[in-house]
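These notes concern the structure reproduced below.
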Amino acid sequence: MQPPLLPEETLARVYRLARIDGTGVLLLAGAFALAAALVGDRTGAVIGLLVAGAGAIELHGTQLLRQGEIQAMRWLIFSQLFLMLVVLAYCAIRLVNFSPEFIDHALTPELRTAFVQAGYAPEELNDLVRRIYYLTYGLVAAGTVFYQGAMIRFYLRRWTPVAQAIATAEEE
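Each residue of the sequence shown is one higher than the one before, starting from 82 at the first, in the numbering used here.
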C-alpha cells in the first residue's frame with residue numbers, strides 16, 4: 082500500500098484535473114452550442130452555453146488555485162453541481178417534451194423499410210424509437226449524476242490536503 086500523497090502533489094493533481102476537465106467542457110459545450118445555433122435549435126444552444134459556463138467556472142477555480150486561494154475548491158465543486166443541474170434540466174426538458182412527430186423525423190422511409198426487413202412489425206417501430214429516446218436521456222442523466230458526483234467527491238476528499246499545501250506555500 083502506498084503512503085498518502087504529499088499535500089503539494091495533491092494540489093498539483095487537483096489543479097491538473099480541473100484544468101483538463103474545465104477546458105474540455107468549455108470547448109466541447111461551446112462547439113455543441115454553436116452547432117445547435119447553426120441549425121436553429123435554441124434550447125440546445127442555450128444549454129450548450131450554460132454547460133460551457135460550467136467549464137469556465139471550473140477554469141476560474143483553477144486560476145484561484147494557482148493564486149493560492151482555498152476558495153478555489155468551492156468554485157470547482159460549484160462548477161460540477163452547476164453542470165449536473167444543467168444536464169439534468171436538459172434531460173428533463175427533452176423527456177417531458179417528447180413528441181410523436183420526432184418518430185417520423187427519426188425514422189426515414191429507408192430506415193423503416195430496413196427495420197421491417199429485420200423482422201420488426203411497423204407498429205413496433207414507434208414504440209422502439211420512443212423507448213430508445215427515453216433510454217438515451219435516462220442514461221445521459223444517470224451518467225452526469227455518476228461523473229459529476231465522482232468529481233465532487235474527488236474535490237471534497239482533497240480539500241484538506243489542498244488547504245495544507247496552500248497554507249505551507251503561504252508560510253514560505
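Every residue, glycine too, gets a C-beta built ideally from N, C-alpha and C.
No experiment lies behind these values; they were computed from the predicted model shown.
Shortest alpha-carbon distance to residue i belongs to which of the options?
i, options, result
"N207", "D185, T217, R239, Q83", "D185"
"L109", "L119, E204, V132", "V132"
"R212", "A116, E251, G136, F183", "F183"
"A117", "V106, A246, G105, L130", "L130"
"L92", "E251, E253, W240", "W240"
"M154", "G121, A248, R193, Y236", "Y236"
"Q152", "A248, R193, T194", "A248"
"A250", "E90, G111, L192, L98", "E90"
Residues in the same chain with beta-carbon distance under 6 Å from residue i, minus the five sequence neighbours each way, listed in chain order, please.
i, result
"M165", "T225, Q229"
"R100", "T143"
"P88", "P242, Q245, A246"
"A170", "none"
"M232", "Q161"
"L140", "G103"
"V120", "none"
Leaving out the 5 sequence neighbours to the left and right, which residues in its chain are closer than 7 Å to residue i when beta-carbon positions are compared?
i, result
"I174", "T124"
"I138", "W156, F159, S160, F163"
"L188", "L206, V210"
To the nearest whole angstrom, what separates the beta carbons of residue i and residue j, a pair I think is in contact under 8 Å?
i, j, result
"V167", "I128", "6 Å"
"V172", "V221", "First, the amino acid is wrong: residue 172 is Cys here, not Val. The pair is a contact, with the Cβ atoms about 6 Å apart (cut-off 8 Å)."
"T143", "G105", "Wrong, their Cβ atoms sit about 13 Å apart, outside the cutoff."
"V197", "P203", "6 Å"
"G136", "L107", "3 Å"
Can we count residue i as close to the ligand SAM, meaning its CB is less than 6 Å from some heavy atom?
i, result
"V167", "No copy of the ligand SAM appears in this structure; indeed no ligand is present at all."
Less than 8 Å between C-beta atoms, sequence neighbours within five positions excluded: which residues of the same chain meet that for residue i?
i, result
"L86", "R94, P242"
"F179", "R211, Y214, Y215"
Quiz item: Can at least three beta-carbon pairs, one atom from the stretch 146-164 and one from the stretch 211-221, be found at a separation below 8 Å?
Solution: A contact between stretches requires three or more CB pairs, one per stretch, nearer than 8 Å, and the stretch 146-164 fails this requirement with the stretch 211-221.
Quiz prompt | Sequence ranges, beta strand (DSSP E) only - wholly within the stretch 132-193, length at least 3 | solution = Runs of the beta strand (DSSP E) inside the stretch 132-193: none found.
Practice problem: Enumerate, from N- to C-terminal direction, the unbroken alpha helix (DSSP H) stretches of 4 or more residues contained entirely within the stretch 213-252. | Solution: Runs found: 240-252.
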